[in-house]
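The sequence shown lines up with residues -21 to -1, 1 to 111 when you count with mature numbering (1 follows the signal peptide of the UniProt record, and there is no 0).
All remarks here apply to the structure that follows.
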Amino acid sequence: MILIENFKLCLTLSIIGQLSGLSFNQPKFCPAATWNSLGTIFAAYDIIHGSPYSIFITTNNSIYVVAHAIPNIYIWLNSSVNLTMTITVPGLPLQSIFVQNDNELYVERGFLPTRNIEKWILNTNRSTVVMN
C-alpha cells in the first residue's frame, strides 16, 4: 500500500511540474568528479524517433526512456550503451515511467482527464490498468 501511495505522489509531482522531478536513484559522486565532454549519447533522435519524454534510471544503471511521439519504451540494461529492448505500447501516448524493479514497469498514458497507469511485466505482451 505504501508503494502505491509513493507512486501516486511521484505521478502527481510529474503531472504538476513536467520540468521538475523526484529522483529515486540518487547516486553519490566523488567530490573530484569531472564532466566528460566526449560522453556517449545513447538516446539519440534516430534511435527513439523523437525526443525523450521521460527517463528512469535504476540503481543498477538500467535506463528506461519513453518518447511521446511514438508510444514505445526503450530499455538499456545494466549500463549498456546499446539499446537492449524496445517495447511497443499500442494506443495513447506515454507520459511517464516508473520502474519498480527490472521486471515491473509502470507507465502513465493518455491525456487528462482520461490518463491511467498501466503495469507492464517485461517479456510479456500485456498490461494491467492499476489506476485510472
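Beta carbons: idealized from backbone N, C-alpha and C, even for Gly.
4 or more residues per run - each alpha helix (DSSP H) lying fully within the region 11 to 52: With a minimum length of 4 residues, the continuous alpha helix (DSSP H) runs that stay inside the region 11 to 52 are 24 to 27.
At least three beta-carbon pairs within less than 8 Å, the region 44 to 55 to the region 14 to 29: Flag = yes, the region 44 to 55 and the region 14 to 29 touch.
Whole-angstrom C-beta distance between A22 and P10, which should lie under 8 Å: That pair is no contact at about 28 Å.
Supposed close pair S33, I66 - CB separation, criterion 8 Å: Contact between S33 and I66 fails: their C-beta atoms lie close to 14 Å from each other, not under 8 Å.
Three-state class that DSSP yields for N79 in the structure shown: Checking the sequence, you will find Gln at residue 79 rather than Asn. Of the three classes helix, strand and coil, the one that applies to Q79 here is coil, per DSSP.
Sequence-distant residues of its chain with Cβ nearer than 7 Å to G89 (five each side left out): Within the same chain, G89 has close Cβ partners L71 and N95.
Contact check, I52 vs L84, beta carbons under 8 Å: Taking 8 Å as the cut-off, the Cβ atoms of I52 and L84 count as close.
K7 (DSSP reduced to helix, strand or coil): In this structure, K7 counts as coil in the three-state DSSP scheme.
Simplified DSSP state of R94, which is helix, strand or coil: Annotated three-state conformation of R94 is coil, per DSSP.
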